[in-house]
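Working notes, beginning with the structure itself.
Numbering (mature numbering (1 follows the signal peptide of the UniProt record, and there is no 0)), first residue to last: -16 to -1, 1 to 73.
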């Protein structure tokens, strides 16, 4: 589910200025209609740290952290640009 949310972010940013998009990020706010899902120990809580475009932005890599079972783990998801301009894993 977390990968789905990040891909939704990537799809939304697909047409953004990549020079402004790339770099280090810090999550400062997240929102949901079911707040329990994004609480500190919630299953959809994540902390975005970096977005990188590779190979002429044909690949977009999102680095983030998730807390599962009390253990914080670093995760990277790579989306590959499709003909319609969206990214898929």
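Think of the CB as a built atom: it goes at the ideal place given N, C-alpha and C, for glycine as much as any other residue.
Checklist line | DSSP beta-bridge partners of residue 45 | finding: Taking the chain shown and counting its residues from 1, one reaches residue 45 at position 61. Assignment of beta-bridge partners to residue 45 by DSSP yields 36 and 62.
Checklist line | Given residue 14 as reference, the closest of 59, 61 and 22 once Cα atoms are compared | finding: As a working note, residue 14 is residue 30 in the chain shown. Comparing Cα positions, the closest option is 22.
Check: Can you round the beta-carbon distance between residue 36 and residue 45 to whole angstroms, since I take them to be within the 8 Å contact cut?
Finding: Looking up residue 36 in the chain shown gives position 52. Looking up residue 45 in the chain shown gives position 61. Their Cβ separation, rounded to whole angstroms, is 5 Å, which keeps residue 36 and residue 45 in contact under 8 Å.
Margin query: Quick check on residue 54: buried or exposed, where buried means 16 or more other Cβ atoms within 10 Å of its Cβ?
Written below: Position 70 of the chain shown holds residue 54. Residue 54 comes out exposed.
Next item on the list: With DSSP as the reference, label residue 69 as helix, strand or coil.
Entry: Translated into the one-based positions of the chain shown, residue 69 becomes position 85. Correct three-state label for residue 69: coil.
Item checked: Per-residue DSSP class, three states only, for residue 7 -> Taking the chain shown and counting its residues from 1, the one referred to as residue 7 is at position 23. Residue state, collapsed to three classes: strand.
Item checked: Neighbour-count burial assignment, residue 64, 16 or more Cβ in a 10 Å radius -> Walking along the chain shown from the start, residue 64 turns up at place 80. Around the beta carbon of residue 64, fewer than 16 other beta carbons lie within 10 angstroms, which makes this residue exposed.
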